[in-house]
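A.B. asks: First the structure, which I've put down as structure tokens, then a few questions once you've had a look.
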Amino acid sequence: METATSLTIGQFAEYLRGLTQRLDPGAGWYGEFLRRDPEGLRACLNGAAIPPWDVVDSLLRDLAAVRGEQIAGRETVYAARLRAAAVTAWDRLPGGMEELRTQYAAAAAQRADAGEALRSLTARLGGATDPAEADALARELSWTQDDAARAASRHEDISARLSALRAGAPGEAVRPAGPEIPQPPSSVSRQQPAPAEAQVRTQAEVQAQVQAGAQARAQAEAPVEAPVGRAEGRWLRGARRAGGARYAGSAAPGAPAFTPPPGHPDGDPAPGGPGSAPRGARFGTPEPRPAGQDGGAVPPAGPGGPGHEARGHTETGPGLAEAAAGTGGFPAGQAGSTRAVVGELIALRAAGRGGEAHALLCEIAAWPADRLPGLADQLVRAGLAADWATLLWEAASLPPERLAAAAAALGEAGREADCDRLLRQGVARPPGEIAEAALALGTAGRTREADALLGAFVRVRTAEEAAALARRDPQWFAPRLLQAAAALSGTRHRDVVHALRVAGIAAA
């Protein structure tokens, strides 16, 4: 297919060029993308390809490191709207439906492969006894978690685009109507062309239709190579690898809520629109069930509800006891029957509706922590042990205090192996969040779980990151980190001692 030249696509590419000009090409995600797939990134910057949202989000994370979270938060909403408009124009070009179907099949295969690799690595890591082997497996698991999160994001994004295209005029090459030109966020240079916005999809359009998924799954049974030409680049199509952060799971329209700058035209985003906060276990907010479905399986939105930003977590959330008990927005009476949820999962698996089953697992991961042990028992008895492993992986992305609550609940119920697996999978997040979770566990008297979390952190993260974590409470963290490092190897212990001293922290 020919390169798109529409105004919306060109102005989104212009925005991306302006964004990357503010980043260091030798560091961060931008540097990683340049190293792994320079041609694919160049195509995106030239308007010859539309990057997946997780790539844009990663670039915005680089911007946050340079310009601060507030500026990056505003630009995240703005970039999501620009990309939604560009995607709408792109998909409605001639041949767009066929290309999306091909990409959907490839994304489904990548998602399945990543999930299988994740389960295999998790099992191998759980049985590893050699410290060097366990360290290598833990690092590989961190990369694979990122692969799986990105693959899931891209699969869902393409499914949403297919649904939106079918809801329009199938088979017709619809050109966007005359777009309005919004004012950019205050952090964008006024010398840059103002990006256009046309036919922005709402979050409701992100929900994949069952018929669309079934039709695309039928095509996914045969191996399909990723498209060429207008494609999204080798790495941008999901090939490995790009890092171990797990914050790329949201679909394009789902950007963090923000307070618009003066004069910004998007001061009052529509409910569920592009200005709405991302939802699901990864962001601490359960996904709302469609009207007419059994809502008993999903608790109402809790502390991570509208306004909760995906970019980090505040320190004002519910305490560990509150999260474990199901307070703070999760009334137990409205959480639904565990047995009914297991039955729903069995029915979805039997019908081959794996995507809906995974979405339900994401919702369940946001349940009150004290319900997890009982749910684990019922899932295993029902022959859904793989779903329990997936649920643990999703729960590993919960905000720090709720991650700690989940770990504490599993440990208290005697499920130490599940608790340790959850904590190992949760260490691929900023040191500050690990510190919050460890302190929450320590405050609740769950010393074993706190030490397990710090042990997993020291195993897979650098000594400098361990020192950064220790700054939160040096007297509490330093001895625990040193103990965890010593349990790994003498070399690791010396590295952590040195990093603590460089950071000005006494290493007793």
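Residue numbering for the sequence shown follows my numbering, starting at 1320 and increasing by one per position. Idealized CB from N, CA, C, for every residue including glycine. For clarity, every value in this text was computed on a predicted model and none was experimentally measured.
Runs of 4 residues minimum, wholly inside the region 1359-1434: which ones carry the alpha helix (DSSP H) assignment?
C.D. replies: Counting only runs of 4 or more, we get 1372-1386 and 1388-1410.
A.B. asks: Got a sec, what are the start and stop residues for the alpha helix (DSSP H) Trp1462 sits in?
C.D. replies: Walking along the sequence shown from the start, residue 1462 turns up at place 143. Pro1450 to Ala1486 is the span of the alpha helix (DSSP H), which, as asked, contains Trp1462.
A.B. asks: Return the residue from the list Leu1326, Val1385 and Trp1707 that minimises the CA-CA distance to Pro1344.
C.D. replies: Here residue 1344 corresponds to residue number 25 of the sequence shown, with the count starting at 1. Residue Val1385 is the option with its Cα nearest to Pro1344.
A.B. asks: Which of the three DSSP states, helix, strand or coil, is assigned to Arg1658?
C.D. replies: Position 339 of the sequence shown holds residue 1658. Here Arg1658 sits in helix by DSSP.
A.B. asks: Between which two residues does the alpha helix (DSSP H) carrying Thr1781 extend?
C.D. replies: Taking the sequence shown and counting its residues from 1, the one referred to as residue 1781 is at position 462. Here Thr1781 belongs to no alpha helix (DSSP H), and DSSP marks it neither H nor E.
A.B. asks: Expressed to the nearest angstrom, what Euclidean distance is found between the alpha-carbon atoms of Tyr1423 and Thr1327?
C.D. replies: One-based indexing of the sequence shown puts residue 1423 at position 104. One-based indexing of the sequence shown puts residue 1327 at position 8. If I take the Cα positions, the gap works out to 23 Å.
A.B. asks: Starting from Ile1328, follow the alpha helix (DSSP H) in both directions and report where the run begins and ends.
C.D. replies: In the sequence shown, counting from the first residue as 1, residue 1328 sits at position 9. Element bounds for Ile1328: Leu1326 to Gln1340.
A.B. asks: Can you tell which of Arg1721, Ile1369, Val1374 and Asp1410 has its C-alpha closest to the C-alpha of Arg1355?
C.D. replies: On the sequence shown, position 36 is the one that residue 1355 refers to. Selected option, being the one with the closest Cα: Val1374.
A.B. asks: By DSSP, does Leu1788 sit in helix, in strand, or in coil?
C.D. replies: Locating residue 1788 in the sequence shown gives position 469, where the first residue counts as 1. Residue state, collapsed to three classes: helix.
A.B. asks: Taking the alpha-carbon of Ala1754 as reference, which of Val1746, Leu1338, Leu1788 and Ala1732 has the nearest alpha-carbon?
C.D. replies: One-based indexing of the sequence shown puts residue 1754 at position 435. Comparing Cα-Cα distances from Ala1754 to each of Val1746, Leu1338, Leu1788 and Ala1732, the minimum goes to Leu1788.
A.B. asks: Cutting at 7 Å between CB atoms, please list the residues of its own chain near Leu1664, excluding the five before and the five after it.
C.D. replies: The count along the sequence shown starts at 1 and reaches residue 1664 at position 345. Same-chain partners within the cutoff: Ala1676, Leu1679, Leu1703 and Asp1706.
A.B. asks: For the alpha helix (DSSP H) containing Ile1824, list its first residue and its last residue.
C.D. replies: What you label residue 1824 is simply residue 505 of the sequence shown in a count that begins at 1. Segment: none, Ile1824 is in no alpha helix (DSSP H) and carries neither H nor E.
A.B. asks: Is the region 1737-1757 touching the region 1711-1723, taking contact as three or more C-beta pairs under 8 Å?
C.D. replies: As far as the Cβ criterion goes, the region 1737-1757 touches the region 1711-1723, which means the pair count is three or higher.
A.B. asks: Take Asn1365 and list the residues in its own chain whose beta-carbon comes closer than 7 Å to its own, dropping the five residues that flank it on each side.
C.D. replies: Taking the sequence shown and counting its residues from 1, the one referred to as residue 1365 is at position 46. Only Ala1332 meet the Cβ criterion.
A.B. asks: Under the three-state reduction of DSSP, which class applies to Leu1698: helix, strand or coil?
C.D. replies: On the sequence shown, position 379 is the one that residue 1698 refers to. DSSP places Leu1698 in helix when its eight states are reduced to three.
A.B. asks: Under a three-way DSSP split, which group does Leu1703 fall into?
C.D. replies: Taking the first residue of the sequence shown as 1, we reach residue 1703 at position 384. Three-state DSSP puts Leu1703 in coil, outside helix and strand.
A.B. asks: Could you please give the first and the last residue of the uninterrupted alpha helix (DSSP H) stretch that includes Ala1757?
C.D. replies: For this step, residue 1757 is matched to residue 438 along the sequence shown. Taken as a continuous stretch (DSSP letters only), the alpha helix (DSSP H) holding Ala1757 covers Pro1750 to Thr1762.
A.B. asks: Applying the 10 Å Cβ sphere with the 16-neighbour rule, what's the burial state of Val1660?
C.D. replies: Residue 1660 sits at position 341 when you count from the first residue of the sequence shown. Buried, because 16 or more other Cβ atoms sit within 10 Å of the Cβ of Val1660.
A.B. asks: So Arg1778 and Ala1457 are supposed to be a Cβ contact under 8 Å. How far apart are they, rounded?
C.D. replies: The residue labelled residue 1778 in the question sits at position 459 within the sequence shown. The residue labelled residue 1457 in the question sits at position 138 within the sequence shown. The Cβ separation is near 5 Å, so the contact holds.
A.B. asks: Go through its chain and collect everything with a Cβ distance to Arg1811's Cβ below 8 Å, but skip five positions before and after it.
C.D. replies: By 1-based counting over the sequence shown, the position of residue 1811 is 492. These residues qualify, in order along the chain: Val1777, Ala1782, Ala1804 and Ala1805.
A.B. asks: Specify the secondary structure class of Leu1717 as computed by DSSP and reduced to three states.
C.D. replies: Within the sequence shown, residue 1717 is the residue found at index 398, counting from 1. Looking at Leu1717 - three-state DSSP - the assignment turns out to be coil, as it is neither helix nor strand.
A.B. asks: Could you tell me whether the Cβ atoms of Arg1430 and His1474 are closer together than 8 Å?
C.D. replies: Indexing the sequence shown from 1 puts residue 1430 at position 111. Indexing the sequence shown from 1 puts residue 1474 at position 155. In contact: Arg1430 and His1474 (Cβ atoms closer than 8 Å).
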